[in-house]
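full-length UniProt numbering numbers the first residue of the sequence shown as 1 and each following residue consecutively. Ideal Cβ positions, reconstructed from N, Cα and C, are used throughout, including at glycine. Note that the structure is a prediction, hence the values are computed from the model and not measured. Below is one structure; the comments refer to it alone.
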Amino acid sequence: MILDYFQRQVLYPCYYCQHQHFKHDILSYADGRMLCKDCAKHIIVSRENLQVVAQWVLKQIEDLGLKFTRGHTYVSLVSKEKMISLGFDQAEGLATNIIATDMFFKNKHLNAQIYVIYGMPTANLVWVLSHEIGHVLVSQHQYQFNTQEAEEGFCQLIALLVSQKSQNPLMPRVLYKEFNNPDPVYGDELRKAYEAYKQQGFSNYFRAFI
């Protein structure tokens, strides 16, 4: 009888922190995401709260010394289905940049739209927004990287440096998850960028970007 009880207590991994929780502790979204009770306490579901988080992230990025042009970047909450329709079924965030080419064939950034998934916990949203704003920075200043993977590593490093300033109680889970990500782009390139940042120091690493 006791064995049967525990067999019926099915454990599910939280979509965001991968912690195991009993079924009755989980918040489920129609798109299949299941959140543990800890993450469910911190979800962002309103435009007002999204803007609060976005403003905080921007301030941290500017405090790093990176020059972000405000006023031409728009941030929106979207459904998982919308992200899939945009062609990014695994993405939690997406930045689209509008570029114009002048008569001298030089590119100029006009504006950007950042999409983030509805219902993310605040700590995860901080990471995702920081990463996507990193892509907007690249577009605004026309930073050049040898590969797209290197640009992703740069944006992941921005996300790491910003997220380390957060006092959100779930941030340690996000930092651990992201820094130990086995993905060859989002994990390996982050660790490579972080090592270069540590070895060179802030001023030297960001010299080309400030």
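Start-to-end residues for the alpha helix (DSSP H) that takes in residue 162 | By one-based count along the sequence shown, residue 162 stands at place 162. 148 to 163 is the span of the alpha helix (DSSP H), which, as asked, contains residue 162.
Does the distance from the C-beta atom of residue 116 to that of residue 126 stay below 7 Å?
-> For the purposes of this step, residue 116 is identified with residue 116 of the sequence shown, where counting begins at 1. For the purposes of this step, residue 126 is identified with residue 126 of the sequence shown, where counting begins at 1. Not a contact, by the Cβ cut-off of 7 Å.
Classification of residue 84 by the beta-carbon crowding that lies within 10 angstroms, buried from 16 upward | Working through the sequence shown from its first residue, we reach residue 84 at position 84. So residue 84 counts as exposed.
Meets three-Cβ-pair contact criterion under 8 Å: the segment 150 to 161 and the segment 184 to 196 | Counting Cβ pairs under 8 Å, three or more are found: they touch.
Which term fits residue 136, buried or exposed, when burial requires 16 or more other beta carbons within 10 angstroms of its beta carbon?
-> Sequence index remark: in the sequence shown, residue 136 carries index 136 (1-based). Burial call: buried.
If you drop the 5 nearest sequence neighbours on each side, which residues of the same chain put their C-beta closer than 6 Å to that of residue 98?
-> Here residue 98 is taken as the residue at index 98 of the sequence shown, counted from 1. Here the set comprises 110 and 111.
With 16 as the cutoff for other CB atoms within 10 Å, does residue 107 come out buried or exposed?
-> For this step, residue 107 is matched to residue 107 along the sequence shown. Exposed.
Cut-off 6 Å between Cβ atoms - residues of its own chain near residue 5, not counting five sequence neighbours on either side = Looking up residue 5 in the sequence shown gives position 5. Because the pLDDT at residue 5 is just 43, under 50, the model does not fix this residue reliably, and the value given afterwards should be weighed accordingly. Excluding sequence neighbours, residue 5 sits near nothing in its chain.
Where does residue 41 fall in DSSP's three states?
-> For this step, residue 41 is matched to residue 41 along the sequence shown. Looking at residue 41 - three-state DSSP - the assignment turns out to be coil, as it is neither helix nor strand.
Going by CA-CA distance only, name the one from 25, 120 and 163 that's closest to residue 16.
-> On the sequence shown, residue 16 is found 16 positions in, with the first residue counted as 1. Considering only alpha carbons, the answer is 120.
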